[in-house]
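Here full-length UniProt numbering is used: the first residue of the sequence shown is 1, the next is one more, and so on. Don't be surprised by glycine CBs; every beta carbon is placed ideally from N, CA and C. As C-alpha cells, the structure follows; a few thoughts come after it.
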Amino acid sequence: GQVLQEEELDFLADPGTAESSTNQTVISTNAAYQADDLDAYVSDCDKLNSAKVALMANLSHYGLDNLAENFTLPALQDDLILSVIEQLKTQVVNCTKINQDNQHVNELLTAELEKYRNHERVLKEQINDNQASTSYEHSLEIETLK
Numbered sequence: 001g002q003v004l005q006e007e008e009l010d011f012l013a014d015p016g017t018a019e020s021s022t023n024q025t026v027i028s029t030n031a032a033y034q035a036d037d038l039d040a041y042v043s044d045c046d047k048l049n050s051a052k053v054a055l056m057a058n059l060s061h062y063g064l065d066n067l068a069e070n071f072t073l074p075a076l077q078d079d080l081i082l083s084v085i086e087q088l089k090t091q092v093v094n095c096t097k098i099n100q101d102n103q104h105v106n107e108l109l110t111a112e113l114e115k116y117r118n119h120e121r122v123l124k125e126q127i128n129d130n131q132a133s134t135s136y137e138h139s140l141e142i143e144t145l146k
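As C-alpha cells, then:
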C-alpha cells in the first residue's frame, strides 16, 4: 500500500491539540487504515478494468453487427407490436363503421320490402275482389238470361 508522507500526516493532525504519543498512534493507525482502503480501492479498480477489457474482447469476438441487432431487436419488436396494434384498432373502427352502415341499409331494405309486401297483398285482394265481382256479375247475367 501507499504510505502517507510526514507532511500528509501532519495535515491529518488537529493543529489545535498538543502532540502526544497517543495522537501519533491515532494518526499512524488512521494513515494505515486509509492506505489499506486505498489499496482495496485500487485493487477493485484494477479488477473493474480487467473486467472491462474482457467484456470488450468478448464483444469484439461476438461481432458488433450481432450486438447491435440484439440490443435493438427488442425495441424493433416493441415498435412492430405497437404498429400492428394500431393497424388492428384502425381495422376494428373501419369494420364497426361498415357494420353500422350495413345495418342501416338492412333496415331501409326491410322497410321497403314490407311496403312491397303490403302493396302485393292489396293487389291480390283487388284481384280477388274483381274476380268475385266478375263472377257475381256473370252469375247475374246468367240469371237474367233464364
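- Rounded to whole angstroms, Lys97 and Glu137 show a C-alpha spacing of 59 Å.
- Excluding its 5 nearest sequence neighbours in each direction, Cys95 has no C-beta neighbour in its own chain below 8 Å.
- The C-alpha of Asn106 lies about 10 Å from the C-alpha of Leu113.
- Separation of Gln103 and Val93 (C-alpha to C-alpha, rounded to the nearest whole angstrom) is 15 Å.
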